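Below: the structure, in structure tokens.
Number of protein chains: 2
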Amino acid sequence: MNPMNEPTPRSSRAQQRIDTQERILSAAGRLFAALGYDRTTIRAVAAAAEVDAGLVMHYFGSKERLFAEATRTETPLVTGETPEEVAEQLLGILRQSLIEEPIASLAALRSMLTHPDAAAEVGNAHAERVKVSKAIPGVDGNLRAAVVSAILIGVVLGRHLVKLDELADADPDEIVELLRPAVLSLTKADRTE
Amino acid sequence: MNPMNEPTPRSSRAQQRIDTQERILSAAGRLFAALGYDRTTIRAVAAAAEVDAGLVMHYFGSKERLFAEATRTETPLVTGETPEEVAEQLLGILRQSLIEEPIASLAALRSMLTHPDAAAEVGNAHAERVKVSKAIPGVDGNLRAAVVSAILIGVVLGRHLVKLDELADADPDEIVELLRPAVLSLTKADRTE
DNA sequence: TCCTTCATTCAACGGATGTAGAACGGTTCA
DNA sequence: TGAACCGTTCTACATCCGTTGAATGAAGGA
Chain D
19 MNPMNEPTPR SSRAQQRIDT QERILSAAGR LFAALGYDRT TIRAVAAAAE VDAGLVMHYF
79 GSKERLFAEA TRTETPLVTG ETPEEVAEQL LGILRQSLIE EPIASLAALR SMLTHPDAAA
139 EVGNAHAERV KVSKAIPGVD GNLRAAVVSA ILIGVVLGRH LVKLDELADA DPDEIVELLR
199 PAVLSLTKAD RTE
Chain R
19 MNPMNEPTPR SSRAQQRIDT QERILSAAGR LFAALGYDRT TIRAVAAAAE VDAGLVMHYF
79 GSKERLFAEA TRTETPLVTG ETPEEVAEQL LGILRQSLIE EPIASLAALR SMLTHPDAAA
139 EVGNAHAERV KVSKAIPGVD GNLRAAVVSA ILIGVVLGRH LVKLDELADA DPDEIVELLR
199 PAVLSLTKAD RTE
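For the protein sequence lines, the chains are D and R, in the order given. If you're matching positions, the first sequence starts at 19 in the numbering used here and goes up one per residue. If you're matching positions, the second sequence starts at 19 in the numbering used here and goes up one per residue.
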């Protein structure tokens, strides 16, 4: 079909389609993270991607599906066995989330309070973390995991979205160091029940 | 002017006006807390208060001002001198916020990610808490106070708004107990810098 | 070259929202 | 009683939104 080893010509129609879709997804992610689901309009996404609003609908079908695609993210696994290992892995995830802004996650976070799907997405990431409760001893392992989850959400939210001055300006490692004893106190069952 | 010791007749026009305004404010608080600023419409508030939408405008001027009035709340002061006292007072505030749903605060919390004014309101409550940093020793007192603030926000948010199952169902006192060492580790400067 | 395909744009609709102003009807007071 | 007041409702406007379907024009294949 094609004599050369180039199955499709560069900059073909298919390629341009992919490029445009990526441009739309990127713009959508940025806007959803900055404004949340409701305040982000399809028209604004289209404008940011330098495209007509109808094209966004044509590719993604609805604002709902666009949001789902723009916020899709793989949650890092927590596989530690001991409470100390679990704590370190959670702190590692936190550290990474403090250093770089995880756009897709931030988009879900900012929308979780007003958009059910976003809340479900955040809930899933949280549930993934709760599964480590097998490694958190005590009858209240699940509750401990949930509290840690809430803490991580609160800190990331305070730094990137609410932008509490002290949190936004601080050195990520310093925050992690401050939180180490807190997280450790929750992953280790040091309470007699 | 009035021969009896009843300066204004009960159920007078003034009284009815006050009643209606309170009914509107109550409905607004509940809706803002449940749906956030954007998804709460003036028409919905009016319907919940069994009143016409125009009346809400007549009394509060704009949705903006209605929100400001509905979310006005006095933040409890933290006056402790020692790190331990500060920790206990913060835990007490948390406990109270876990037991009963602080409607006005929840309204501000749910809207903080999409509405600038709400974010400012939350920021103020946070700043009030940061002032305790005078009682938190160490060069990083401010940062420590901010981290505690973020933790409290995260936990209250997780319980009342995101409704993470484990947090929503748990006994408030149990959550407070779990967080005590975490908060203590942050109010006490136990790190050598 | 001609026809098909398809990425993209254009124009429009139906609905919802914040807000403004006129109108109504009971209350208050001289 | 009669007139002013005011709590309340009704109607309407301008805007913005998600979404749709037709139109356009360039690229790809026969």
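Ideal Cβ positions, reconstructed from N, Cα and C, are used throughout, including at glycine. Values in this document were obtained by computation on a predicted structure and should not be read as measured data.
#1: What span of residues does the alpha helix (DSSP H) with glutamate 99/D cover, start to end?
#2: Nearest-angstrom Cα distance between proline 190/R and isoleucine 111/R?
#3: Assuming valine 157/R is part of the alpha helix (DSSP H), what are its boundary residues?
#4: According to DSSP, is glutamate 119/R helix, strand or coil?
#5: Kindly indicate if chain R contains any beta-carbon less than 9 Å away from that of asparagine 160/D.
#6: List the residues of chain R that leucine 182/D touches, going by C-beta distances under 8 Å, in chain order.
#7: Is threonine 97/D buried or exposed, if buried means 16 or more other CB atoms sit within 10 Å of its CB?
#8: So that I know if they touch, is there some Cβ in chain R lying closer than 9 Å to that of glycine 176/D?
#9: What is the DSSP secondary structure of leucine 131/D, reduced to helix, strand or coil?
#10: In whole angstroms, what separates the C-alpha of lysine 206/D from that of alanine 153/R?
#11: Considering only residues of the stretch 44-75 of chain D, which uninterrupted alpha helix (DSSP H) runs meet the minimum length of 4 residues and lie entirely inside it, listed in chain order?
#12: Is it buried or exposed, glutamate 68/R, if we count other Cβ atoms within 10 angstroms and call 16 or more buried?
#13: Since proline 199/D meets chain R, which of its residues come closer than 7 Å, beta carbon to beta carbon?
#14: Step through the CB atoms of chain R and report whether any lies within less than 9 Å of the CB of arginine 128/D.
#15: With a cut-off of 9 Å, does the C-beta of isoleucine 193/R fall near any C-beta of chain D?
#16: Within 10 Å of its beta-carbon, does arginine 35/D have 16 or more other beta-carbons around it, so buried, or fewer, so exposed?
#17: State the Cα-Cα distance for the pair proline 120/R and proline 199/D, rounded to the nearest angstrom.
#18: Just the Cα atoms here: how many angstroms apart are asparagine 160/R and serine 151/R?
#19: If you drop the 5 nearest sequence neighbours on each side, which residues of the same chain put their C-beta closer than 6 Å to that of glutamine 39/R?
#20: Taking 9 Å as the CB-CB cut-off, is glycine 79/R touching chain D?
#21: By the three-class DSSP mapping on this structure, what secondary structure does threonine 205/R have?
#22: Hey, quick one: how far does the alpha helix (DSSP H) through arginine 177/R stretch, first residue to last?
#23: Looking at the secondary structure, which residues open and close the alpha helix (DSSP H) in which leucine 182/R lies?
#24: Is proline 190/R helix, strand or coil by DSSP?
#25: Could you work out which residues of chain D lie near leucine 185/R, taking near to mean beta carbons separated by less than 9 Å?
#26: Between threonine 132/D and alanine 32/R, what straight-line distance do the alpha-carbon atoms span, to the nearest angstrom?
#27: Determine, for alanine 65/R, whether the minimum Cβ-Cβ distance to residues of chain D falls below 9 Å.
#28: At the level of alpha carbons, what is the spacing between serine 167/R and threonine 93/R?
#29: Can you give me the start and stop residues for the alpha helix (DSSP H) that leucine 95/R sits inside?
#30: Helix, strand or coil for threonine 38/R per DSSP?
#31: Identify each residue in the stretch 48-74 of chain D for which the Cβ-Cβ distance to at least one residue of chain R is less than 8 Å, and report them in chain order.
#32: Kindly indicate if chain R contains any beta-carbon less than 9 Å away from that of threonine 132/D.
#33: Alpha carbon to alpha carbon, how far is glutamate 103/D from valine 173/D?
#34: Does any residue of chain R have a CB that is nearer than 9 Å to the CB of leucine 196/D?
#35: Note down, in chain order, every chain R residue with its Cβ under 8 Å from the Cβ of leucine 179/D.
For this structure:
#1: Along the first sequence, read from residue 1 onward, the residue named residue 99/D stands at position 81. Looking at the DSSP string, glutamate 99/D is not in any alpha helix (DSSP H), and its letter there is neither H nor E.
#2: Counting from one through the second sequence, the residue named residue 190/R turns up at place 172. Counting from one through the second sequence, the residue named residue 111/R turns up at place 93. About 12 Å.
#3: For the purposes of this step, residue 157/R is identified with residue 139 of the second sequence, where counting begins at 1. It is not in any alpha helix (DSSP H) - valine 157/R carries neither H nor E in the DSSP assignment.
#4: Counting from one through the second sequence, the residue named residue 119/R turns up at place 101. It is coil, neither helix nor strand.
#5: What you label residue 160/D is simply residue 142 of the first sequence in a count that begins at 1. With 9 Å as the cut-off, asparagine 160/D counts as an interface residue toward chain R.
#6: In the first sequence, residue 182/D corresponds to position 164, counting from 1. Those are Gly141, His144, Ala164, Ser167 and Ala168, listed as they occur along chain R.
#7: Within the first sequence, the letter at position 79 stands for residue 97/D. Classification for threonine 97/D: exposed.
#8: Counting from 1 along the first sequence, the entry for residue 176/D is found at position 158. Yes - at least one Cβ of chain R is within 9 Å of the one on glycine 176/D.
#9: In the first sequence, counting from the first residue as 1, residue 131/D sits at position 113. If DSSP states are grouped into helix, strand and coil, leucine 131/D belongs with coil.
#10: Position 188 of the first sequence, counting from 1, holds the residue named residue 206/D. Position 135 of the second sequence, counting from 1, holds the residue named residue 153/R. Lysine 206/D and alanine 153/R: Cα-Cα distance of roughly 28 Å.
#11: 60-66
#12: As a first step, residue 68/R must be located in the second sequence, where it is residue number 50. So glutamate 68/R counts as exposed.
#13: Counting from 1 along the first sequence, the entry for residue 199/D is found at position 181. Result: Ser203.
#14: Within the first sequence, residue 128/D is the residue found at index 110, counting from 1. Yes, contact with chain R.
#15: Along the second sequence, read from residue 1 onward, the residue named residue 193/R stands at position 175. So, interface residue.
#16: On the first sequence, position 17 is the one that residue 35/D refers to. By the neighbour-count rule (16 or more Cβ atoms within 10 Å), arginine 35/D is not buried but exposed.
#17: One-based indexing of the second sequence puts residue 120/R at position 102. One-based indexing of the first sequence puts residue 199/D at position 181. Taking the straight line from one Cα to the other gives about 30 Å.
#18: Numbered from its first residue, the second sequence carries residue 160/R at position 142. Numbered from its first residue, the second sequence carries residue 151/R at position 133. Between asparagine 160/R and serine 151/R, the C-alpha separation is close to 5 Å.
#19: Taking the first residue of the second sequence as position 1, residue 39/R is located at position 21. So the list reads Tyr77, once near-sequence residues are dropped.
#20: Within the second sequence, the letter at position 61 stands for residue 79/R. No, because no Cβ of chain D sits closer than 9 Å to the Cβ of glycine 79/R.
#21: One-based indexing of the second sequence puts residue 205/R at position 187. Three-state DSSP puts threonine 205/R in a helix.
#22: Stepping through the second sequence from its first residue, residue 177/R is reached at position 159. Unbroken run through arginine 177/R: none, as it is neither H nor E.
#23: As a first step, residue 182/R is located in the second sequence; it is residue number 164 there, counting from the start. Looking at the DSSP string, leucine 182/R is not in any alpha helix (DSSP H), and its letter there is neither H nor E.
#24: Sequence index remark: in the second sequence, residue 190/R carries index 172 (1-based). Note: proline 190/R maps to helix in three-state DSSP.
#25: As a position in the second sequence, residue 185/R is number 167, starting the count at 1. Those within 9 Å of leucine 185/R in chain D are Leu161, Ala164, Val165, Ser167 and Ala168.
#26: Locating residue 132/D in the first sequence gives position 114, counting from the first residue. Locating residue 32/R in the second sequence gives position 14, counting from the first residue. Taking the straight line from one Cα to the other gives about 37 Å.
#27: Position 47 of the second sequence, counting from 1, holds the residue named residue 65/R. Answer no: the Cβ-Cβ gap between alanine 65/R and chain D never drops below 9 Å.
#28: Within the second sequence, the letter at position 149 stands for residue 167/R. Within the second sequence, the letter at position 75 stands for residue 93/R. Near 13 Å, if we compare the C-alpha coordinates of threonine 93/R and serine 167/R.
#29: Taking the first residue of the second sequence as 1, we reach residue 95/R at position 77. That residue, leucine 95/R, is in no alpha helix (DSSP H); it is neither H nor E in DSSP.
#30: The residue you call residue 38/R lines up with position 20 of the second sequence. Three-state DSSP puts threonine 38/R in a helix.
#31: Leu53, Gly54, Asp56 and Arg57
#32: Along the first sequence, read from residue 1 onward, the residue named residue 132/D stands at position 114. True, the Cβ-Cβ gap to chain R drops below 9 Å.
#33: As a working mapping, residue 103/D is identified with position 85 in the first sequence. As a working mapping, residue 173/D is identified with position 155 in the first sequence. Each residue's Cα considered, the two are about 21 Å apart.
#34: Position 178 of the first sequence, counting from 1, holds the residue named residue 196/D. So yes, leucine 196/D belongs to the interface.
#35: Counting from 1 along the first sequence, the entry for residue 179/D is found at position 161. Ordered by position in chain R, the residues that pass the 8 Å Cβ test against leucine 179/D are Leu131.
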